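Numbered per our numbering, the sequence shown spans residues 196 to 485.
Data block below; observations after.
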Amino acid sequence: MSGDGLTLQGLYLLGKERLSALPGGKDNSPMEAGFLWEKALGLGWRERLLRGDDPVPEGGAAAFFDLVARRLAGEPLQYLLGEWEFYGLPFAVGPGVLIPRPETELLVDRALEGAEGCPSPALLDLCSGSGCVPVALGNKLPEARVWGVELSPQALGYFRRNIERNRAGNVTAVAGDVFALPEEVTGRRYRVITANPPYIPRGELAGLQAEVRREPALALDGGEDGLDFYRRLPALCLPLLEPGGWLVFEIGEDQGEAVAGFLQSTGYGEVQVRRDLSGLERQVSGRRPL
Ligand code: GLN
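Below is the structure:
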């Protein structure tokens, strides 16, 4: 059986119609249907425009409607695609790893600023998940060496695949707990340490949107008030930084004051809170005094 008499464009339109039922403020159905259509058919978006009247190849409609149904049942788009872009690079994602968020690109921007003027800096990323931050840093700074620490074996699997996928030979994925850092990373000093740790207050996890609840709680649960990692990491990171080196955290939108306070009381200087493109507090950075 071919595609039940459907054309390539007709199939897309049917999927888009179904996906417009997804909850949420903004109707993303054109974008989501487009991505899932490409995934199911193995075709690019140009082909939908250029060959929209062609019949759907055998099995194509079933594959597409299966993805649409899974999406409607709450699976994140990015998990269904198996890959998502961050900092202009492709990252393998799926169940068991946090999906790279566009806001997190700010962490990379800030780390690049911190590494400016250093010919071959050592950089460390904590709670690396998919590896999006360390791999982006390694890609932008080919002369740097970058280490990323991740606790979850599942996430580490993605991290390692993403190093290969992006041929980031200067990035090393290290299995470990950031509160008991392995010797492999404590034996040197870093120009910049980055972290996007779990920062959602535990009581808010159950109320997150359905897609986020499909992501690993380990990557989201920041303890009672969401601040567990920010309380402990500044002191652990200080001796690992070069004098003049930077600690850069991603934070939740109402955590700026608290996290800045933790850095200040630990002895960091030049402590700064920065906002993201939506105007929300998204980053705290500080510097180990010279
Ligand atoms: N930004 C993520 C969210 O809002 C949280 C990521 C984290 O806890 N580090 O879902």
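Glycine included, every Cβ here is placed at the ideal spot set by N, Cα and C.
As the structure is a computational prediction, the values presented were derived from the model and not from experiment.
Spatial neighbours of residue 470 within its chain, please: C-beta separation below 7 Å, excluding the five flanking residues on both sides.
476, 477
*Where does residue 459 land, buried or exposed, given buried means 16+ other C-beta within 10 angstroms?*
In the assembly as shown, residue 459 is an exposed residue. Its beta-carbon has fewer than 16 other beta-carbons within 10 Å.
### Message
With three or more C-beta pairs closer than 8 Å as the rule, is the stretch 312 to 331 touching the stretch 373 to 391?
### Response
yes
- Item | Local conformation of residue 317 per DSSP, three classes | It is a strand residue.
Report whether the distance from the Cβ of residue 340 to the nearest heavy atom of the ligand GLN is below 7 Å.
-> no
### Task
Could you tell me the distance, in whole angstroms, from the CA atom of residue 472 to the CA atom of residue 299?
One C-alpha to the other measures close to 11 Å.
In or out: residue 374 buried (at least 16 other Cβ within 10 Å) or exposed?
Around the CB of residue 374, fewer than 16 other CB atoms lie within 10 Å, so the residue is classed as exposed.
Under DSSP, the beta strand (DSSP E) around residue 478 begins and ends at which residues? 476 to 482 is the extent of the beta strand (DSSP E) around residue 478.
* With respect to 7 Å, is the separation between the Cβ of residue 172 and the closest non-hydrogen atom of the ligand GLN below this value? -> Within the shown structure, residues of the chain are numbered from 196 to 485, placing residue 172 beyond reach of any answer.
I'd like the list of long-range same chain contacts for residue 414, defined as Cβ closer than 8 Å, with 5 residues on each side in sequence excluded.
Exclusion of the five residues before and after residue 414 leaves 292, 293, 322, 324, 347, 350, 393 as the residues of its chain whose Cβ lies within less than 8 Å of its Cβ.
Practice prompt. Report the three-state DSSP secondary structure of residue 266 (helix, strand or coil).
Written response: helix
**Asked** On the premise that residue 231 lies in contact with residue 149, defined as a C-beta separation below 8 Å, what is that separation, rounded to the nearest angstrom?
**Response** Any answer about residue 149 is impossible in this case: the structure gives the chain only from 196 up to 485.
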